[in-house]
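Below is one structure, written out as structure tokens, with a few remarks after it.
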Amino acid sequence: MTIEEILELVRPNIRTLKPYSTARDEFKGELGVFLDANESPYDTGWNRYPDPHQNKLKELVSKQKGIDSQCLFLGNGSDEAIDVLYRVFCVPSKDNVVAISPSYGMYTVTADINDIEVRTVLLNPDFSLPVDRLLTASDHRTKMMFLCSPNNPSGNTFDRDAILSLLKGFHGMVVLDEAYVDFCSGGSLKDLIPEYPNLVILQTCSKARGLAALRLGMAIADRNVIRLMSMVKYPYNISGVTQKIALEFLSRSVESEVAEIIRERGRLIRELAQFKFVRKVYPSEANFILIKVDDADGLYDYLTSREIIVRNRSKVPMCEGCLRITVGLEEENNQLLKHLKSYETCDIC
Ligand SMILES: *Cc1c(COP(=O)(O)O)cnc(C)c1O
3 MTIEEILELV
13 RPNIRTLKPY
23 STARDEFKGE
33 LGVFLDANES
43 PYDTGWNRYP
53 DPHQNKLKEL
63 VSKQKGIDSQ
73 CLFLGNGSDE
83 AIDVLYRVFC
93 VPSKDNVVAI
103 SPSYGMYTVT
113 ADINDIEVRT
123 VLLNPDFSLP
133 VDRLLTASDH
143 RTKMMFLCSP
153 NNPSGNTFDR
163 DAILSLLKGF
173 HGMVVLDEAY
183 VDFCSGGSLK
193 DLIPEYPNLV
203 ILQTCSKARG
213 LAALRLGMAI
223 ADRNVIRLMS
233 MVKYPYNISG
243 VTQKIALEFL
253 SRSVESEVAE
263 IIRERGRLIR
273 ELAQFKFVRK
283 VYPSEANFIL
293 IKVDDADGLY
303 DYLTSREIIV
313 RNRSKVPMCE
323 GCLRITVGLE
333 EENNQLLKHL
343 KSYETCDIC
């Protein structure tokens, strides 16, 4: 798709929107007597509005990820990026999106909140991408397609060629959620953005980066798409506290932590497969493992009562009998395994 074609997908009221201009937009210097934003003049450390464009933070992220900072949108979690994408592209009660299933629940919840129809398309039985069914599910009012790789909760990545077929064959935005990209061997598809301006990549500081409480996520896309998203967001969507702490923590290397989680993931996969009540351990390129067991609800309750909290996914399409287990510290994983052993040998469970 060309940029011109992408701009035609945008909601008419957003195409003509005149965004809010902050006091900091109208005067950009750092020094001076600031009497323009009705802030308190008393220094609390936090009395001034933060940078609405998060320039310093974007500069750091763009250097780390090797992308132009104009191709970067920062949000209050990737959840904000998802919501902003709906508000840029989808006319409520008229447009629709296509999303894979099973996958992350926020694509559907955010669509429901915005009154946008979601056409869910089941993955293939081996959890691979059903390219043809995704394309036939879309029509002339389908503005976006939501993919997630590595996918939550199945844990697998999708073939680059399958994603390329969708980027070429779908006349709309392909939103590829890479929340777990740091744990997978293939890496990000962000390098495709210059060639495919209909690609939006979502990443987050909530998982490998260890900053879930900060609420910082991002979209990487063509600068024209990012410009539209920035117009629609709240002016000060990333607080001064978040910007300050993110600048500090993003310089920290998480390489060894990610390596340790990947090692523990391998160990857990091998150990989990030994239990008689485990029917299937799905391969994982993320920091969690999906397993199919004889009695998911029973095992979930057993673990919960022993203060081991996992995610019961047994009511999710294609995940009947499944629990999703996050890879923890070695000691935490040992506790999980210990309780699974006692569950296996317990007659009255
Ligand atoms: C955890 C997760 C996120 C993270 O969302 P934030 O709002 O950035 O915390 C995004 N996508 C998927 C698929 C996830 O599992």
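Residues 3 to 351 in my numbering are what the sequence shown lists, from first letter to last.
The beta-carbon is built from N, C-alpha and C at its ideal position, and this holds for glycine as well.
As the structure is a prediction and not an experimental result, all values here were calculated from the model.
- Kindly list the residues whose CB is nearer than 7 Å to the CB of Ser95, restricted to its own chain and excluding five residues on each side of it in sequence; keep chain order. On the sequence shown, position 93 is the one that residue 95 refers to. Correct list, in chain order: Asp117.
- Message: Quick check on the DSSP output: the beta strand (DSSP E) that includes Asn57 runs from which residue to which?
- Response: Start at 1 with the first residue of the sequence shown, and residue 57 comes out as number 55. Segment Asn57 to Lys67 is the alpha helix (DSSP H) holding Asn57; no beta strand (DSSP E) there.
- Taking the alpha carbon of Tyr345 as the point to measure from, which residue in Asn314, Arg326 and Ile310 has its own alpha carbon closest? Taking the sequence shown and counting its residues from 1, one reaches residue 345 at position 343. Comparing Cα-Cα distances from Tyr345 to each of Asn314, Arg326 and Ile310, the minimum goes to Ile310.
- Item | DSSP three-state assignment for Lys294, whether helix, strand or coil | Start at 1 with the first residue of the sequence shown, and residue 294 comes out as number 292. Three-state result, Lys294: strand.
- Ends of the beta strand (DSSP E) at Phe75? Counting from 1 along the sequence shown, the entry for residue 75 is found at position 73. Residues Leu74 to Gly77.
- Message: I need the DSSP call for Met233, collapsed to helix, strand or coil.
- Response: As a first step, residue 233 is located in the sequence shown; it is residue number 231 there, counting from the start. Residue state, collapsed to three classes: helix.
- Task: Using only the heavy atoms of ligand 1, determine whether one of them is closer than 8 Å to the beta carbon of Met108.
- Result: The residue given as residue 108 occupies position 106 in the sequence shown. Checking the Cβ of Met108 against ligand 1 gives yes.
- Spatially closest choice to Arg267 from Tyr284, Ile8, Ala223 and Gln245, by CA coordinates: Along the sequence shown, read from residue 1 onward, the residue named residue 267 stands at position 265. Nearest C-alpha to Arg267: Tyr284.
- Less than 8 Å between the CB of Cys186 and some heavy atom of ligand 1, yes or no? As a position in the sequence shown, residue 186 is number 184, starting the count at 1. For ligand 1, not one heavy atom lies less than 8 Å from the Cβ of Cys186.
- Task: For Thr122, verify whether its CB is less than 8 Å away from any heavy atom of ligand 1.
- Result: By one-based count along the sequence shown, residue 122 stands at place 120. It does not: the Cβ of Thr122 is nowhere closer than 8 Å to a heavy atom of ligand 1.
- C-beta contact flag for Ile73 and Asp303 at 9 Å: Here residue 73 refers to the residue found at position 71 when the sequence shown is read from its first residue. Here residue 303 refers to the residue found at position 301 when the sequence shown is read from its first residue. In the sequence on display, residue 73 carries Cys and not Ile. Contact: no.
- Item | Option nearest Val168 by Cα separation, candidates Leu194, Gly79 and Pro155 | On the sequence shown, position 166 is the one that residue 168 refers to. Residue identity check: residue 168 is Leu in the sequence provided, not Val. A check of alpha carbon separations from Leu168 across Leu194, Gly79 and Pro155 identifies Leu194 as the nearest.
- When we look at the beta-carbon of Cys92 and count the other beta-carbons within 10 Å, is it buried (16 or more) or exposed? On the sequence shown, position 90 is the one that residue 92 refers to. Buried: at least 16 other Cβ atoms inside 10 Å.
- Message: Check whether the segment 331-349 and the segment 140-157 are in contact - that is, three or more C-beta pairs closer than 8 Å.
- Response: no
- Query: If you compare alpha carbons, which of Gly68, Ser42 and Phe29 is closest to Asp53?
  - Reply: Taking the first residue of the sequence shown as position 1, residue 53 is located at position 51. That would be Phe29, whose Cα lies nearest to the Cα of Asp53.
- Item | Local conformation of Gly107 per DSSP, three classes | Taking the first residue of the sequence shown as 1, we reach residue 107 at position 105. Coil.
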